[in-house]
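Novice: First the structure, then my questions, so here it is.
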Amino acid sequence: MSTTRRDLLTAALTAAGAAAASDLAGGEEHDHHDNHDHQVVPSDPTLRVKALESLMVAKGLVDRATLDAVIDMFEHKVGPHIGARVVARAWADGTYKERLLKDARAALAELGYGYVSEGELVVVENTPKVHNLVVCTLCSCYPWSVLGLPPLWYKSAAYRARSVIDPRGVLREFGLELSEDTEVRVWDSTAYQRYLVLPQRPTGTGSMKEEELATLVTRDAMVGVARVTAGRRGSER
Ligand SMILES: [Co+2]
């Protein structure tokens with residue numbers, strides 16, 4: 007942050023009092039973390055995006071075809087179908103699963119997928135005794151290379167705060183009731199390390215082929231707020 011901006015902030019803090027001070031301090035801390043999706047957005051983000059796009063195109067910094075390709079990637083190419091294929095392969099092939107848990111980036115590459123991010127991806131496995139839940143308490147770090155863009159609830163202050171304080175309560179609200187003897191592990195994502203949950207393979211899927219298994223795997227299950235069920239594809243918010 008520049009000295010000028012810091013001075014402005016200091017002046018604003020003095021004027022606005024203690025309540026505003028804590029808010030701005032939080033925002034400043036976040037600046038050092040990473041620079042992706044923030045929960046607090048401008049009042050008219052769409053307008054700002056349009057204005058930025060027009061300006062960048064006018065100045066020759068980007069061309070529309072490149073922008074369209076980036077948008078197309080987020081809308082169509084990356085998404086939870088990639089994570090689902092990885093999970094299905096891990097279910098179908100135990101040796102692949104071991105490689106995935108050990109080195110997710112290399113295991114993704116085996117299937118032709120890139121993990122396009124600085125930092126690492128760690129896959130955590132659900133078992134009958136352990137349930138994993140992923141959150142980013144600070145902002146909204148998310149393994150978008152394998153899950154696409156995060157759902158709104160993932161970025162909400164309520165989810166970020168309560169997942170670490172009362173994970174069982176949060177899971178209950180998602181409709182997932184865990185038995186008392188199941189250990190819940192909460193993983194706090196950062197820009198440097200993000201997580202993908204390898205859900206448990208549902209019973210009654212022994213005869214299913216990998217492609218069919220992949221259709222059962224939901225985004226929510228790979229964040230850890232749902233189980234994968236054999237009968238129906240999970241509805242997602
Ligand atoms: Co974050």
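Just add 6 to the spot in the sequence shown (first one is 1) and you have the numbering used here.
We put the beta carbon where it would ideally sit given N, CA and C, even for glycine.
Being a predicted model, the structure only gives us computed values, none of them experimental.
For a test of your reading of the model: does the CB of leucine 144 fall under 7 Å from any non-hydrogen atom of ligand 1? Yes or no.
Specialist: For the purposes of this step, residue 144 is taken as the residue at position 138 of the sequence shown. Flag set: Cβ of leucine 144 near ligand 1.
Novice: Along the chain, where does the beta strand (DSSP E) that runs through glutamate 131 open and close?
Specialist: Position 125 of the sequence shown, counted from the first residue, corresponds to residue 131. It spans 126–131 - the beta strand (DSSP E) in which glutamate 131 sits, taken as one unbroken run.
Novice: Is any heavy atom of ligand 2 found at a distance shorter than 7 Å from the C-beta of alanine 164?
Specialist: Judged by which ligands are present, ligand 2 is missing from the structure shown, whose ligands are ligand 1.
Novice: Measuring straight from C-alpha to C-alpha, what distance separates methionine 62 and tyrosine 198?
Specialist: Stepping through the sequence shown from its first residue, residue 62 is reached at position 56. Stepping through the sequence shown from its first residue, residue 198 is reached at position 192. Cα-Cα distance, rounded: 29 Å.
Novice: Quick test of the definition: if touching needs 3 or more C-beta pairs under 8 Å, does the segment 108–127 touch the segment 86–96?
Specialist: yes
Novice: For the 8 Å Cβ check, are there 3 or more pairs between the segment 148–161 and the segment 223–233?
Specialist: yes
Novice: So what does DSSP say about tyrosine 198, is it helix, strand or coil?
Specialist: One-based indexing of the sequence shown puts residue 198 at position 192. Tyrosine 198: coil per DSSP, three-state reduction.
Novice: In whole angstroms, what separates the C-alpha of aspartate 194 from that of alanine 96?
Specialist: As a first step, residue 194 must be located in the sequence shown, where it is residue number 188. As a first step, residue 96 must be located in the sequence shown, where it is residue number 90. Roughly 23 Å between the two C-alpha positions.
Novice: List the endpoints of the continuous beta strand (DSSP E) containing histidine 137.
Specialist: As a first step, residue 137 must be located in the sequence shown, where it is residue number 131. 136–141 is the span of the beta strand (DSSP E), which, as asked, contains histidine 137.
Novice: According to DSSP, simplified to helix, strand and coil, what is arginine 166?
Specialist: As a working mapping, residue 166 is identified with position 160 in the sequence shown. Residue state for arginine 166 is assigned as helix, using DSSP reduced to three classes.
Novice: Hey, out of His137, Ala167, Val136, Val129, whose CA is closest to cysteine 145's CA?
Specialist: Numbered from 1 along the sequence shown, position 139 holds the residue referred to as residue 145. The shortest C-alpha separation from cysteine 145 is found at Ala167.
Novice: In terms of residue numbering, what span does the alpha helix (DSSP H) encompassing lysine 108 cover?
Specialist: Position 102 of the sequence shown, counted from the start, is the residue given in the question as residue 108. Looking at the DSSP string, the run of the alpha helix (DSSP H) that includes lysine 108 is 100–108.
Novice: Let me check you understand the geometry: is the CB of alanine 197 closer than 7 Å to at least one non-hydrogen atom of ligand 1?
Specialist: On the sequence shown, residue 197 is found 191 positions in, with the first residue counted as 1. Within the cutoff, so yes.
Novice: Beta-carbon of leucine 222 versus every beta-carbon of chain B: anything under 8 Å?
Specialist: Within the model displayed, chain B is absent; a lone protein chain is all it includes.
Novice: Which one or two residues does DSSP pair with valine 203 in a beta bridge?
Specialist: The residue given as residue 203 occupies position 197 in the sequence shown. In the DSSP output, where bridge partners are listed per residue, valine 203 has Val130.
Novice: Kindly indicate which residue of Leu222, Glu124, Val84, Val170 has the alpha-carbon position closest to the one of valine 152.
Specialist: Here residue 152 refers to the residue found at position 146 of the sequence shown. Of the candidates Leu222, Glu124, Val84, Val170, the one whose C-alpha sits nearest the C-alpha of valine 152 is Val84.
Novice: Under the rule that 16 or more other beta-carbon atoms within 10 Å means buried, what is proline 149, buried or exposed?
Specialist: Translated into the one-based positions of the sequence shown, residue 149 becomes position 143. Proline 149 is buried by the Cβ-count criterion.
Novice: For arginine 191, which beta-bridge partners are listed by DSSP?
Specialist: Taking the sequence shown and counting its residues from 1, the one referred to as residue 191 is at position 185. Paired residues: Asn138.
Novice: Between the C-alpha atoms of lysine 127 and threonine 52, what's the straight-line distance to the nearest angstrom?
Specialist: Walking along the sequence shown from the start, residue 127 turns up at place 121. Walking along the sequence shown from the start, residue 52 turns up at place 46. In the sequence under discussion, the amino acid at residue 127 is leucine, which differs from the lysine named in the question. If I take the Cα positions, the gap works out to 31 Å.
Novice: Could you give the first and the last residue of the continuous alpha helix (DSSP H) run that contains alanine 220?
Specialist: Walking along the sequence shown from the start, residue 220 turns up at place 214. 216–222 is the span of the alpha helix (DSSP H), which, as asked, contains alanine 220.
Novice: Excluding the 5 residues flanking tyrosine 165 on each side, which residues of the same chain have their C-beta closer than 6 Å to its C-beta?
Specialist: For this step, residue 165 is matched to residue 159 along the sequence shown. Once the five neighbours on either side are set aside, the close Cβ partners of tyrosine 165 are Trp159.
Novice: According to DSSP, simplified to helix, strand and coil, what is tyrosine 119?
Specialist: Your numbering for residue 119 matches position 113 in the sequence shown. In the structure shown, tyrosine 119 sits in coil (DSSP, three-state: anything other than H, G, I, E or B).
Novice: Distance check for lysine 103 and alanine 236, CA to CA, integer angstroms please.
Specialist: To locate residue 236, count along the sequence shown from 1; it is residue 230. To locate residue 103, count along the sequence shown from 1; it is residue 97. In this structure, the CA atom of alanine 236 is about 20 Å from the CA atom of lysine 103.
Novice: What is the DSSP secondary structure of arginine 95, reduced to helix, strand or coil?
Specialist: Taking the first residue of the sequence shown as position 1, residue 95 is located at position 89. Residue state for arginine 95 is assigned as helix, using DSSP reduced to three classes.
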